Structures are given as C-alpha cells and as structure tokens.
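Novice: Numbering (this note's numbering), first residue to last: 35 to 292. Below is a structure I'd like to ask you about.
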C-alpha cells in the first residue's frame, strides 16, 4: 500500500511539474504520470473556481472572465497555448511533413498562429460570458482537456525522434522502440482505463447523463485531431498535444454555454 501511494505521488508530481508552473522541485517524468493528468486538471479547475469566487466580489463579470483566461495561461506557463499556435502555423502553412515540422519547431509564431490564437481566446471569452453558473465548467474544462491529452498519448504515435511529446510517449505504458509501433497492442490499457474512470465519475457527478454528450464529443474531437495530425506529420508532437488541450477546453466551454 505504501509503495502504491509513493508511486502515485511520484506520478502526480511528475504530471504537475509538466502541466503547470507550480514549483514542486525537479522536473522528472515517471512511467505512468499521464494517469494523473485529469487530477492535475481538476486541481487547475479548483484554482480557477477560487479565483472566480474572489474576483467576482470586486470586479464585473467580463473583467473576471478575462482574468480567468490570464490565470489559466499563467498556471500552465503558456505551454499549451503556444503549442496550439505552433500547430496552426505548421498545419495551415506546411506543404509536406518535413516542412510542417520545421514550421512548428520555429520559435517565432507566424501570422496563421497569431490569427488562430486570437480567435481561440476570443471564443473562450465569449463562451465564458454566456455561461451563467461557471463553477462546473471551470472544474471540468481543465480536467477533461488533460484527460484528452492522456488519451492522445496512449493512442497516438510520436512524429519526431525528440521533443516533449516523444518524451512522454516513451514513458507511457504502451511505448515501444519503433515510432510506428507506438500504436500497437503492447500498451497496458489499465492506465487510460483508470484515468477515464476518474474523469467519468467527476463528469457524471456534475452533469449526470448529459455528461455523456461531453465525453463523446471529446473523444470524437480527439480522434479527428489524431487522424488529421497523422495525415499531416505522421503522428503527434508536444505542440499537437497542446493544441488538443486548447481545443478540448474550447469544446467544454462551448458545451456549458448552451
């Protein structure tokens, strides 16, 4: 039991160190850290809920929503939003796999990335404005999106021989030496099953059977992104994972706004 708790703690802090800027010491990747992705997402959601609670006491709703988006970016160090911009740059401008990856690796954001980033943040803000009771949305938005990232890591394959996405894929339980074998049957399904159970319990607690639509929409969107990414760059990268996170966050806010 103590060993299980030690392993879980290591996995949690490993996920926390990579998904947030919360100072918890050395950034090391543990073998099953993706299991804790939704838990870290829920923690981020709790911070957003607390921020919303206190900010609404002093600020109007629109300013509060703007601050919530800023806090979310700060908590993650801009990692996912930067990946989204790089992915849009590469996918919309790249003519070949090599060209797309080269553009995505460029540290400078291109025009397409800037435009996509603008509409992403604007859409998030408008959806937040349209949500009357924000607490469930603020809790589930980062949790479901991190669960989606975990799923992408389990069912995706690395497009490059290096990078953050490759690093996590190497430490996911389904990784094998060949990049093309990452999607093989050798992966242990228990990790994604466990993390899915955690996510489903929380989603159904807040949304009941309506949460099924949220889950099915998330799975469909992740599947579509993985297929398109496989077509464009023959796999996924850390930037694509960031794009998945941002798009699922947008989807969750869209879900709660209606």
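For each residue, glycine too, the CB sits at the ideal point set by N, CA and C. Everything numeric in this text was worked out from a predicted model, so none of it was measured.
1. Can you tell which of 85, 128, 241 has its C-alpha closest to the C-alpha of residue 109?
2. I need the boundaries of the alpha helix (DSSP H) containing residue 68, first residue and last residue.
3. Could you tell me the distance, in whole angstroms, from the CA atom of residue 117 to the CA atom of residue 275?
4. Taking just the CA atoms, how far does residue 82 sit from residue 101?
5. Taking the C-alpha atoms as reference points, what is the distance between residue 179 and residue 123?
6. Please tell me whether residue 58 and residue 76 are closer than 9 Å, where the distance is taken between their beta carbons.
7. Could you round the C-beta distance between residue 233 and residue 285 to whole angstroms and report it? I think they count as a contact, below 8 Å.
8. Taking the alpha-carbon positions, what's the residue 271 to residue 242 distance?
9. With DSSP as the reference, identify every bridge partner of residue 270, one or two as the case may be.
10. For residue 261, which three-state DSSP category applies?
11. Run the CB neighbour count on residue 99, radius 10 Å, all protein chains shown included, and call it buried at 16 or more, exposed below.
12. Give the DSSP-derived three-state secondary structure of residue 140 in the structure shown.
13. Once DSSP output is grouped into helix, strand and coil, what is the label at residue 111?
14. Just to confirm my understanding: we take residue 277, look at its own chain, exclude 5 residues before and 5 after, and list those with CB closer than 6 Å. What are they?
15. Considering Cα atoms alone, identify which of 55, 53, 90 is closest to residue 168.
16. Are residue 177 and residue 287 close, meaning C-beta to C-beta below 9 Å?
17. Taking the C-alpha atoms as reference points, what is the distance between residue 245 and residue 252?
18. Inspect the beta-carbon positions of residue 236 and residue 173 and report whether they are closer than 9 Å.
19. According to DSSP, is residue 233 helix, strand or coil?
Specialist: Reading it off the structure:
1. Taking the first residue of the chain shown as position 1, residue 109 is located at position 75. For residue 109, the nearest C-alpha among the options comes from 85.
2. In the chain shown, counting from the first residue as 1, residue 68 sits at position 34. Note, residue 68: premise wrong, no alpha helix (DSSP H); not H, not E.
3. By 1-based counting over the chain shown, the position of residue 117 is 83. By 1-based counting over the chain shown, the position of residue 275 is 241. In a straight line, the C-alpha of residue 117 is about 7 Å away from that of residue 275.
4. For this step, residue 101 is matched to residue 67 along the chain shown. For this step, residue 82 is matched to residue 48 along the chain shown. Using only the alpha carbons, I get a separation of about 10 Å.
5. Translated into the one-based positions of the chain shown, residue 179 becomes position 145. Translated into the one-based positions of the chain shown, residue 123 becomes position 89. Taking the straight line joining both Cα atoms gives about 21 Å.
6. Along the chain shown, one-based indexing puts residue 58 at 24. Along the chain shown, one-based indexing puts residue 76 at 42. No; because the gap between Cβ atoms is not below 9 Å, this pair is not in contact.
7. Here residue 233 refers to the residue found at position 199 of the chain shown. Here residue 285 refers to the residue found at position 251 of the chain shown. Contact doesn't hold; Cβ gap of about 14 Å is too wide.
8. Looking up residue 271 in the chain shown gives position 237. Looking up residue 242 in the chain shown gives position 208. Distance between the alpha carbons of residue 271 and residue 242 is about 34 Å.
9. For this step, residue 270 is matched to residue 236 along the chain shown. When DSSP reads this structure, residue 270 sits in a beta bridge with 192.
10. Within the chain shown, numbered from 1, the residue matching residue 261 stands at position 227. Residue state, collapsed to three classes: helix.
11. Translated into the one-based positions of the chain shown, residue 99 becomes position 65. When all chains shown are included, residue 99 counts as buried.
12. Residue 140 sits at position 106 when you count from the first residue of the chain shown. Three-state DSSP puts residue 140 in coil, outside helix and strand.
13. Mapped onto the chain shown, residue 111 falls at position 77. DSSP places residue 111 in coil when its eight states are reduced to three.
14. Here residue 277 refers to the residue found at position 243 of the chain shown. Here the set comprises 117, 118, 121.
15. In the chain shown, the residue the question calls residue 168 occupies position 134. The shortest C-alpha separation from residue 168 is found at 90.
16. Position 143 of the chain shown, counted from the start, is the residue given in the question as residue 177. Position 253 of the chain shown, counted from the start, is the residue given in the question as residue 287. For residue 177 and residue 287, no; Cβs fall outside 9 Å.
17. Here residue 245 is taken as the residue at index 211 of the chain shown, counted from 1. Here residue 252 is taken as the residue at index 218 of the chain shown, counted from 1. C-alpha separation (whole angstroms): 11 Å.
18. Working through the chain shown from its first residue, we reach residue 236 at position 202. Working through the chain shown from its first residue, we reach residue 173 at position 139. Closer than 9 Å, so yes.
19. Taking the first residue of the chain shown as 1, we reach residue 233 at position 199. In the structure shown, the three-state DSSP call for residue 233 is helix.
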